[in-house]
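Enquirer: Per the working numbering, residue 1 is the first one in the sequence shown, and the count goes up by one each step. The C-beta atom is built at its ideal place from N, Cα and C for all residues, glycine as well.
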Amino acid sequence: MQTAAILAGGRARRLGGRDKSRLVIGGRTILDRQIALLLGLVPRVIVVANEPERFADAGVPVLADAVPDCGSLGGIYTAVTAADGPVLVIACDMPFLSAPFLARVIEAGRDADIAVPRANDGYHPLCASYAPACAGPLEKRIARRALTVVDLLSDVRVHELEPDEIARFDPDGLLLLNINTAADLARAERAAIARQGTPASRSS
1 MQTAAILAGG
11 RARRLGGRDK
21 SRLVIGGRTI
31 LDRQIALLLG
41 LVPRVIVVAN
51 EPERFADAGV
61 PVLADAVPDC
71 GSLGGIYTAV
81 TAADGPVLVI
91 ACDMPFLSAP
101 FLARVIEAGR
111 DADIAVPRAN
121 DGYHPLCASY
131 APACAGPLEK
141 RIARRALTVV
151 DLLSDVRVHE
161 LEPDEIARFD
171 PDGLLLLNIN
181 TAADLARAER
191 AAIARQGTPA
201 SRSS
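1. Taking contact to mean 3 or more Cβ pairs, one atom from each stretch, closer than 8 angstroms, check whether the region 144–164 and the region 85–98 are in contact.
2. Helix or strand or just coil, what does DSSP make of Ser129?
3. Leu39 and Leu97: beta carbons closer than 8 angstroms?
4. Only counting runs of 4 or more residues, tell me where the alpha helix (DSSP H) segments fall wholly within the region 48–127, in order along the chain.
5. Please report how far the alpha carbon of Pro100 lies from the alpha carbon of Ala8, in whole angstroms.
6. Applying the criterion that 16 or more other CB atoms from any shown protein chain within 10 Å of the CB defines a buried residue, is Asp69 buried or exposed?
7. Tell me the DSSP secondary structure of Glu139 in three-state form.
8. Is Val150 helix, strand or coil when you go by DSSP?
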């Protein structure tokens, strides 16, 4: 069964410790939007968090990190080992992901251990599909405390979604934006307002 997991365990130091999943973009929290988006794509959605009690109101199952203090790699490991089949993993600070693009990532994951976007700014392993075969390599990296997520790509079969393919889903360059800084947040807020002002947005 296809699962989707939202990783919500980061400390957001560059945003003063704010909960990035609860940031309001375009009148809705990122978490609420992501959950609704994913529930339209897959039968099972979970949240992975280092403080699961903070997400008791999410309306979907919330899992504590299986191995604490291992960052995003640990969150991916938790999602992979909790899933009955492949799992789409996304970070909780990506407000502009789209259903067509995520469906493409899921589809690409059917012939690889990881399907990952490779945009002009590099890989985006926190918007990627992970197969059950990733569990062993993830466990080995956690045991060695080799926690850089992108390094996992060297251990498994990878399907890269390249910039030209990503661009078909990304007309305004916001698809893979993640919010790490106050400048990122301001950009996202401006973009959401601009999107709401388009004719398509007003009629939807």
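Expert: On the basis of the data shown:
1. no
2. strand
3. no
4. 71–82 and 99–108
5. 23 angstroms
6. exposed
7. helix
8. helix
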